[in-house]
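Protein chains in written order, with the numbering used here: chain H, 1 to 244; chain C, 245 to 750.
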């Protein structure tokens with residue numbers, strides 16, 4: 001068992017624990033903070049089903065961003081759809097036998113990477129070309145895009161240019177998942193790709209990537225517009241009422 | 245043209261997104277509240293010792309009380325969708341008036357004290373210590389947000405800068421740095437019952453004066469009752485409606501509608517204010533205390549329904565929060581929503597056919613309509629989403645022959661704030677108010693040029709006051725802003741009125 005294999009196997013456990021634990025903690029904090037007032041951005045749905053539809057449009061089509069700026073919408077939608085296809089395709093390395101839908105998506109996932117990288121490039125370009133977006137960008141905003149770009153590009157290189165030993169990689173991953181470690185191919189490009197993914201998993205819960213769970217907890221988007229029909233009151237507000 | 249000691253922006257053909265000019269509004273600060281205005285609201289009279297720690301503690305408390313604050317401070321990805329959406333940014337070019345940059349003033353402190361990344365890698369994520377300079381920036385720029393929520397419409401996560409600026413103002417109040425305008429007014433509501441400090445006697449005089457005016461005008465005895473026990477409807481309206489122009493013409497209109505519909509109604513000297521500045525300062529406690537007056541008045545007068553007059557933020561607090569703050573209203577008639585908007589009432593009466601109009605009375609006007617931000621994006625009218633856009637327009641069209649809408653990007657949910665909302669309607673913020681009106685005035689001038697529009701109707705006391713003051717800076721006349729119910733008042737035909745007019749002719 002090489003040092004590389006042991007290092008990466010252990011890193012994956014640490015990263016997975018941080019990712020899942022950190023995210024679970026953050027989601028718990030979001031869920032545990034009360035929303036004392038009804039603040040949906042109106043016009044808003046008047047039924048729970050309507051809210052589900054609104055959230056669906058928001059999460060899948062980025063409805064509000066579309067209203068906001070078409071360029072940002074285009075690049076970020078390209079990136080996110082590309083990322084979704086790529087991630088779905090990657091399930092083939094975690095499943096044995098590979099699930100039918102994952103087989104089906106193979107082609108789209110392979111070329112989705114172009115969509116993903118082009119979207120990221122567009123988003124990064126905006127941070128230089130639009131003075132307003134340049135002004136609001138912190139170093140971390142640039143670094144996050146660089147990180148994702150490098151993950152995308154290194155992954156594409158292993159797929160399209162310098163083919164990695166994918167059979168050995170899959171056996172390594174399945175080994176990590178079943179605690180029956182198998183050697184990791186010592187391909188530098190693959191090592192870079194995996195290192196960056198591990199880094200991304202670890203910083204996810206401590207970064208602005210929290211927008212992913214955050215949207216589901218956003219009161220302006222997830223509340224039903226029915227304040228006159230149903231009295232909405234938070235626990236702390238009820239206590240305030242009882243004490244006065 | 246009104247005179248100004250600052251440069252009044254040029255109004256272009258279209259609303260243009262400016263290039264950034266750093267610090268153009270760093271000098272803009274409203275007067276700070278003295279101790280007399282702070283203590284009645286439960287806040288310290290001056291900047292407290294150890295204020296940094298107190299402010300951080302307060303921020304921690306609010307993070308535990310408001311999910312919006314916690315989620316919004318964590319979720320922003322700096323995509324920039326909001327950067328060109330704020331009327332104050334468009335009018336001032338100051339980058340800190342971009343919604344995300346405004347939020348970042350608070351977010352950088354949140355990150356420094358409440359997040360792992362900000363504690364250990366502050367430079368990387370743009371986290372900063374809470375210093376006096378940061379506090380000064382807070383005071384300046386969180387009083388350059390009218391909490392109109394336009395940015396939240398376009399944010400992919402629905403991040404609402406209003407929530408952030410309310411929290412910031414609450415934190416500042418809690419360490420003794422309050423804004424004089426809002427806090428003085430809230431004190432007046434507690435002491436006297438309304439924002440303007442009108443006593444019961446003054447109210448009665450005003451209302452009797454209105455009755456005489458309407459009688460002289462129409463020959464019909466329309467009543468404007470005060471504190472009438474046993475009335476069916478309690479009308480709660482912004483106190484500006486009692487004497488300011490064009491607000492009072494709206495109040496006259498409400499009375500005529502009630503009269504024509506045969507409704508029994510009353511105003512209350514206790515709940516003589518629909519406005520609720522507790523929202524502007526982000527204080528649940530003060531907002532609740534102000535709201536409770538309405539519940540108490542409704543109980544004392546034994547009314548069956550509550551109806552609100554024309555006011556934007558008041559309607560937000562009424563529609564969205566009143567049931568929460570002062571409910572449950574199980575003692576009122578369950579047939580009607582609590583509360584209702586005067587436009588819902590008028591609209592329903594029009595549907596029932598109880599009101600008669602002579603639309604030609606408004607033929608000297610070509611009217612457009614300004615959607616008030618809080619009505620458009622934070623409330624509703626009628627049973628269907630978007631009723632807040634349809635109902636006011638339906639009523640205008642029922643009483644006017646000539647109506648034109650402004651640029652679709654400046655109406656409905658995309659409407660621009662008048663520039664004076666959110667507790668900024670004060671003379672010490674005149675420059676901000678004038679500059680903040682740029683997008684709305686641009687859209688208004690377009691329809692004046694293209695469609696011969698003569699008047700803009702509004703349904704908010706703040707919008708009406710703001711435009712009355714600000715339009716003259718742009719070569720328009722203060723009289724071009726009208727109350728929606730003023731149009732109703734002009735056109736409504738009261739039974740018995742016709743004969744009187746005939747007699748006059750003789």
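The beta-carbon is built from N, C-alpha and C at its ideal position, and this holds for glycine as well.
Does the CB of residue i have a neighbour CB from chain C at under 8 Å?
i, result
"residue 215 of chain H", "yes"
"residue 18 of chain H", "no"
"residue 8 of chain H", "no"
"residue 81 of chain H", "no"
"residue 70 of chain H", "no"
"residue 142 of chain H", "no"
"residue 199 of chain H", "no"
"residue 196 of chain H", "no"
"residue 67 of chain H", "yes"
List, in order along the chain, the chain H residues whose C-beta lies closer than 8 Å to that of residue i?
i, result
"residue 623 of chain C", "42"
"residue 309 of chain C", "33, 34, 36, 234 and 236"
"residue 348 of chain C", "136"
Give the interface partners of residue i over in chain C, defined as CB-CB distance under 8 Å, in chain order.
i, result
"residue 206 of chain H", "359, 360 and 361"
"residue 39 of chain H", "312, 404, 407, 564 and 622"
"residue 139 of chain H", "367, 368, 369 and 370"
"residue 243 of chain H", "Those within 8 Å of residue 243 of chain H in chain C number zero; the least Cβ separation is about 11 Å."
"residue 126 of chain H", "324"
Are the C-beta atoms of residue i and some chain H residue less than 8 Å apart?
i, result
"residue 650 of chain C", "no"
"residue 339 of chain C", "yes"
"residue 368 of chain C", "yes"
"residue 393 of chain C", "yes"
"residue 396 of chain C", "yes"
"residue 632 of chain C", "yes"
"residue 528 of chain C", "yes"
"residue 375 of chain C", "no"
"residue 657 of chain C", "yes"
"residue 757 of chain C", "Nothing about residue 757 of chain C can be reported from this structure: the residues present for chain C run from 245 to 750 only."
"residue 747 of chain C", "With a pLDDT of only 43 at residue 747 of chain C, under 50, the local geometry of the prediction cannot be trusted, and the value read off the model is given with reservation. Output row for residue 747 of chain C: interface = no."
"residue 592 of chain C", "no"
What residue from the options has the CA that sits closest to residue i's CA?
i, options, result
"residue 487 of chain C", "C:447, C:412 and C:521", "C:447"
"residue 299 of chain C", "C:253, C:343 and C:421", "C:421"
"residue 141 of chain H", "H:209, H:237, H:30 and H:242", "H:209"
"residue 586 of chain C", "C:339, C:540, C:727 and C:269", "C:727"
"residue 317 of chain C", "C:637, C:293 and C:356", "C:356"
"residue 117 of chain H", "H:83, H:232 and H:95", "H:83"
"residue 692 of chain C", "C:469, C:611 and C:671", "C:611"
"residue 389 of chain C", "C:679, C:687 and C:514", "C:679"
Measuring CB to CB, does residue i end up less than 8 Å from residue j?
i, j, result
"residue 185 of chain H", "residue 168 of chain H", "yes"
"residue 438 of chain C", "residue 281 of chain C", "no"
"residue 136 of chain H", "residue 324 of chain C", "yes"
"residue 511 of chain C", "residue 548 of chain C", "no"
"residue 349 of chain C", "residue 328 of chain C", "no"
"residue 477 of chain C", "residue 551 of chain C", "yes"
"residue 413 of chain C", "residue 33 of chain H", "no"
"residue 109 of chain H", "residue 78 of chain H", "no"
"residue 677 of chain C", "residue 663 of chain C", "yes"
"residue 661 of chain C", "residue 392 of chain C", "yes"
"residue 705 of chain C", "residue 504 of chain C", "no"
"residue 374 of chain C", "residue 344 of chain C", "no"
"residue 690 of chain C", "residue 650 of chain C", "yes"
List the residues of chain C whose Cβ lies closer than 7 Å to the Cβ of residue i, in chain order.
i, result
"residue 211 of chain H", "319, 321 and 401"
"residue 30 of chain H", "311, 314 and 315"
"residue 149 of chain H", "Within chain C, no residue comes near residue 149 of chain H; the closest Cβ sits about 15 Å away, beyond 7 Å."
Using a Cβ cut-off of 7 Å, pull out every chain H residue sitting near residue i, in sequence order please.
i, result
"residue 332 of chain C", "Here the premise fails: no neighbours, minimum Cβ distance about 14 Å."
"residue 660 of chain C", "Those within 7 Å of residue 660 of chain C in chain H number zero; the least Cβ separation is about 15 Å."
"residue 264 of chain C", "131, 132 and 135"
Run through chain H and tell me which residues come within less than 9 Å of residue i, C-beta to C-beta.
i, result
"residue 345 of chain C", "132, 135 and 136"
"residue 325 of chain C", "64, 65, 67, 68, 69, 72 and 73"
Quick one: which chain C residues come within Cβ less than 9 Å of residue i?
i, result
"residue 46 of chain H", "624, 627, 628 and 629"
Following a CB-centred definition, is residue i positioned closer than 7 Å to any heavy atom of the ligand GTP?
i, result
"residue 33 of chain H", "This structure does not include the ligand GTP; it has no bound ligands of any sort."
Would you check if the stretch 564-576 of chain C and the stretch 224-236 of chain H touch, i.e. whether three or more CB-CB distances between them fall below 8 Å? Cβ pair count under 8 Å is three or more, so yes.
So, do the stretch 704-714 of chain C and the stretch 359-374 of chain C have three or more beta carbon pairs nearer to each other than 8 Å? At 8 Å Cβ cutoff, the stretches do not touch.
Mind the definition here: the stretch 653-667 of chain C touches the stretch 602-622 of chain C only if three or more C-beta pairs lie below 8 Å; say whether that holds. Yes: the two stretches touch, three or more of their Cβ pairs being nearer than 8 Å.
Touch check for the stretch 409-423 of chain C and the stretch 275-294 of chain C: three-plus C-beta pairs under 8 Å? Counting C-beta pairs with one atom in each stretch, the stretch 409-423 of chain C and the stretch 275-294 of chain C have three or more that are closer than 8 Å, which means they touch.
The stretch 186-205 of chain H in contact with the stretch 142-162 of chain H per 3-pair CB rule at 8 Å: With the cut-off at 8 Å, the stretch 186-205 of chain H and the stretch 142-162 of chain H touch.
When you compare the stretch 728-739 of chain C with the stretch 635-642 of chain C, are there three or more beta-carbon pairs, one atom per stretch, that lie closer than 8 Å? Because the criterion of three Cβ pairs below 8 Å is met, the stretch 728-739 of chain C and the stretch 635-642 of chain C touch.
Segment contact flag, the stretch 626-637 of chain C with the stretch 43-61 of chain H, C-beta cutoff 8 Å, min 3 pairs: Yes, the stretch 626-637 of chain C touches the stretch 43-61 of chain H.
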